[in-house]
Amino acid sequence: MKEQQKNNQQEPLRFLVFSASLRADSLNTRLIKLAAEVITKNGGIVDYANMSEFDCPSFNQDLEVNDFHPTGAKEFRKRILANDAFIISSPEYNGSIPGLLKNSIDWVSRFRPQPFQQQHGLLMSASPGMAGGNHGLWSLRIPLEKLGVHIFPAMFSLSKAHEAFSPEGKITDENLTKRLEDHLINFMNTVEASKNYPAIKLKFLGE
Ligand code: FNR
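Numbers given in our numbering equal positions in the sequence shown, counted from 1, plus 242.
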């Protein structure tokens, strides 16, 4: 019986989490750190990355000689493949995806097998604006979905983010804190279903 229980125990889910901002006092970094806490509290394992680890030179196809891939792209690929899913909190720049993030995605897309294929991703954003940078996430979905990522349908965007945090880095609004937790737990459940329940995977996740 004990052995059976042991066999039934599932491995904790692993999540790569990072903010797509390089800024020291980034609102998106504050938000992703909160997300990381929620994941850990709910039994997941967090692999926390800094965007600087994934930053790459401007993409130029002429650089692709002798199987060249920049260090940032190699690291991004490695961390995607080492985890069950990824969560990005990304700034919105001019209504769209930050150039440096798109640049890193483009570089990673050049590996074969293509590493984004069949991954699970959750998108978040934070901005001082009223829409919380949500428009930019619609742009971010496009390359990731094109590359085969299952992007979670719901997205979390923190509006007026410059006023949203306590000095300790928590979101002061209790309803928003609860929404963030529910959002992350829903995503964790989807990733768990995909990883551990192949029948559900076929029927409901379209994989
Ligand atoms: C911005 N910002 C911004 N905000 C927004 O809600 N919609 C937008 O389209 C833009 N566009 C934009 C362009 C550029 C070039 C910059 C530098 C900034 C403001 C942005 O949300 C704000 O600077 C955030 O604080 C950036 O995120 P981090 O670095 O705090 O995570």
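C-beta: ideal position from N, C-alpha, C; glycine also.
- Item | For Leu364 and Ala396, the rounded distance between their alpha carbons | 8 Å
- Considering only the beta carbon of each residue, do Gln281 and Phe257 sit closer than 9 Å? One point to set straight first is that residue 281 is Ile, not Gln, in the sequence displayed. Yes.
- Residues with C-beta closer than 5 Å to any heavy atom of ligand 1, in chain order: Ser263, Arg265, Ser268, Leu269, Asn270, Pro333, Glu334, Tyr335, Asn336, Gly337, Ser369, Gly371 and Gly375
- Message: Taking the straight line between their C-alpha atoms, what separation do you get for Trp380 and Ser338?
- Response: 8 Å
- Message: I'd like to know if the segment 366 to 381 and the segment 397 to 411 are in contact, where contact means that at least 3 CB-CB pairs between them fall below 8 Å.
- Response: yes
- Query: Where does Glu245 land, buried or exposed, given buried means 16+ other C-beta within 10 angstroms?
  - Reply: In this prediction, Glu245 has a pLDDT of 43, which is less than 50 and means its spatial position is unreliable; nothing more can be read from the coordinates.
- Do Arg269 and Asp297 have their CB atoms nearer than 9 Å? Before going on, a small fix: residue 269 reads as Leu here, not Arg. No; because the gap between Cβ atoms is not below 9 Å, this pair is not in contact.
- Taking the C-alpha atoms as reference points, what is the distance between Pro385 and Ser300? 17 Å
- Task: May I have the straight-line CA-CA distance separating Met243 from Ser263, to the nearest angstrom?
- Result: Low confidence applies here, because Met243 scores a pLDDT of 35, under 50, leaving its location unreliable; read the following figure in that light. Rounded to the nearest angstrom, the two C-alpha atoms are 49 Å apart.
- Message: Which residue marks the beginning of the beta strand (DSSP E) containing Arg256, and which one marks its end?
- Response: Arg256 to Ser261
- Residue range of the unbroken beta strand (DSSP E) whose run includes His362: His362 to Ala368
- Query: Alpha carbon to alpha carbon, what distance is there between Ala278 and Gly375?
  - Reply: 20 Å
- Where Leu382 falls, given that 16 or more other Cβ within 10 Å makes a residue buried: buried
- Check whether Gly378 and Ser332 have beta carbons under 9 Å apart: yes
- Query: Which two residues bound the contiguous alpha helix (DSSP H) that contains Asp424?
  - Reply: Glu416 to Asn438
- Query: With 16 as the cutoff for other CB atoms within 10 Å, does Val294 come out buried or exposed?
  - Reply: Correcting the residue identity first, residue 294 is Ser in this sequence and not Val. Counting Cβ neighbours within 10 Å, Ser294 comes out exposed, since fewer than 16 surround it.
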